[in-house]
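Novice: Could you have a look at this structure, given as structure tokens, before my questions?
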Amino acid sequence: QGVAQGGADVDALIRRIEAALWVPGDDADGWIQSAAARASAADLGASHPPFVEGAVPTTLRPRLVPSWVDRASFFECITAGAVHRRARGSPGGDARAAGPKARYSASTASTPMGRAKALLDAKAADLVRVGDRAASIAALRDAVDAALAGTKLIYIEVKGDDVDLAQAFQWLQEKSLFAGSILWNPAPGVDFSACDLVRNALVATALRLPLREQEAWYRAEWLDPLQRRLRDGGSPLAFDALLNAFLVAEDTRRERDGARIAVPRGAVAVVPRGAVASAKLATQLAADGTPVGARFVSATERDFGAMMESDAVPEKFKKGAGPGSPMWVYCRFRSYVEEVALGTAGVDPTSRRAKKPSKPRNFDITTSAPPPEEDDDDEDEDEDE
């Protein structure tokens, strides 16, 4: 009777975990059974065939859907146990059937998601007391309680059609990033890299699109033309080096083209001055949307510069956020993108006042600064016409 009760407790715990990972029901059971059949046919060389990148198993109905590049490894990690038990169990899929542990495909095992799952599996195994089934179940149940009941999530619901979603996202990212960097946190997790921040800033401009179109935009504008073309599969280290090199090259380009470079107050770097550009060259560059003249400083870079000068910010933070750091590169790159966007939109980046547009805006980017003011002279000219 004790063994039967222990088996029932294990089943109940497994069902509770699975219900937190996907919506239980016939669709989920059918998907697991089908995956178990494929795994058995493959002689259990892996838990089951790898998922397709970016695809979501609709019949499984997962509770959470991660980012595009993490989906295949995430779905394999959360379903491997259920698929393995069904494949190893009796025809009815006895969850307590004995057998070797579930294994993961090489493509998943090599990812950060796969390595994290292997670590969690090892931690769960450490909770099992050999010869003491009741104590093992109790320890595992406590761990599940801590994960499901003790984890805090932030949920933000945007109400109203007049909210700029991209600007709201940028505000949340930048404020949480800057504030979190100067607060004491004994377990901060993985730090943002500059490419993470830049990617979020650019992808946020597509938030108004349906999810499927957002994903298509992400693949077409970021993943395929940029990230996947870098060494190491677009690792943060390689990508951050590219962004930093681009900014250095852009400063050199300004100097070479002869534009006078004067860094405004609040900038996070000192840029050498160049010679005065010819009027013809300056006009040609401006018409193409190429930044000329004094470098534009975005509100993000301005606020970051003020933080670096503040006595209230710890020196340890300042040392880690200097030139070349992820935050420094992000602020500089954001200023560049805003300058290009404002220039092609017919807005003077320095005064932020509207001017006669020389070229249609070729991409959308939301600035964290207030919107530009209309030029009174332009309004008068329009009325006269």
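Numbered by the working numbering, the letters in the sequence shown go through residues 640 to 1024 in order. All C-beta atoms, glycine included, are put in the ideal place defined by N, C-alpha and C.
1. My output table needs one value for P663: the three-state DSSP class, helix, strand or coil.
2. Among residues of its own chain, excluding the 5 on either side of S974, which ones have a beta-carbon nearer than 6 Å to its beta-carbon?
3. Can you give me the Cβ contacts of R710 inside the same chain, cut-off strictly under 6 Å, excluding the 5 residues immediately before and after it?
4. Could you pull out every residue in the same chain whose Cβ sits closer than 8 Å to the Cβ of L652, ignoring the five residues on either side in sequence?
5. Which partner residues does P864 have in the DSSP bridge list?
6. Decide if R725 is buried, meaning its Cβ has at least 16 other Cβ atoms within 10 Å, or exposed.
7. Name the DSSP beta bridge partners of P701, please?
8. Could you give the distance in angstroms between the alpha-carbon of L886 and the alpha-carbon of R971?
9. Among residues of its own chain, excluding the 5 on either side of L836, which ones have a beta-carbon nearer than 6 Å to its beta-carbon?
10. Using 8 Å as the threshold, is the segment 693-705 in touch with the segment 660-673, meaning 3 or more CB pairs across them?
11. On the criterion of 16 or more Cβ atoms from any shown chain inside 10 Å, does A721 qualify as buried, or is it exposed?
12. Let me know if V769 comes out buried or exposed under the rule of 16 or more other beta-carbons within 10 Å of its beta-carbon.
13. According to DSSP, simplified to helix, strand and coil, what is L882?
14. On the CB-based measure, 16 or more other CB atoms within 10 Å of its CB, does V691 come out buried or exposed?
15. Assign G727 to buried or exposed, taking buried as 16 or more other Cβ atoms, counted over all protein chains shown, within 10 Å of its Cβ.
16. With distances taken Cα to Cα, identify the nearest neighbour of S964 among W856, L881 and E796.
17. Using the three-state DSSP reduction, which class does V968 fall into: helix, strand or coil?
18. Can you round the beta-carbon distance between E854 and W707 to whole angstroms, since I take them to be within the 8 Å contact cut?
19. Would you identify the three-state DSSP class for E978, choosing helix, strand or coil?
20. With a threshold of 16 other CB atoms inside 10 Å of the CB of E715, please say whether the residue is buried or exposed.
21. Would M966 pass as a contact of A833 if the rule is Cβ separation under 9 Å?
22. Look at the alpha carbon of I793 and the alpha carbon of D800, and state the distance between them as a whole number of angstroms.
23. If you follow the alpha helix (DSSP H) that W856 is in, where does it begin and where does it stop?
24. Beta-carbon separation of K756 and Y743 under 9 Å?
25. Tell me which residues share the same chain as W670 and place their Cβ nearer than 7 Å to its Cβ, disregarding the 5 neighbours each side in the sequence.
26. Hey, how far is the Cα of E977 from the Cα of G753?
27. Out of F713, I795, D666 and L758, which one is the CA nearest neighbour of T747?
Specialist: Let me spell this out:
1. coil
2. F935, V936, S937 and E940
3. G693
4. I776, L779, R780 and V783
5. Partner(s): none; P864 has no beta bridge.
6. buried
7. W661
8. 7 Å
9. Y969
10. yes
11. buried
12. exposed
13. helix
14. exposed
15. Residue 727 is actually Arg in this sequence, not Gly. Buried, since its Cβ has 16 or more Cβ neighbours within 10 Å.
16. L881
17. helix
18. 6 Å
19. helix
20. buried
21. yes
22. 22 Å
23. L850 to Y857
24. yes
25. P696, T698 and L699
26. 37 Å
27. F713
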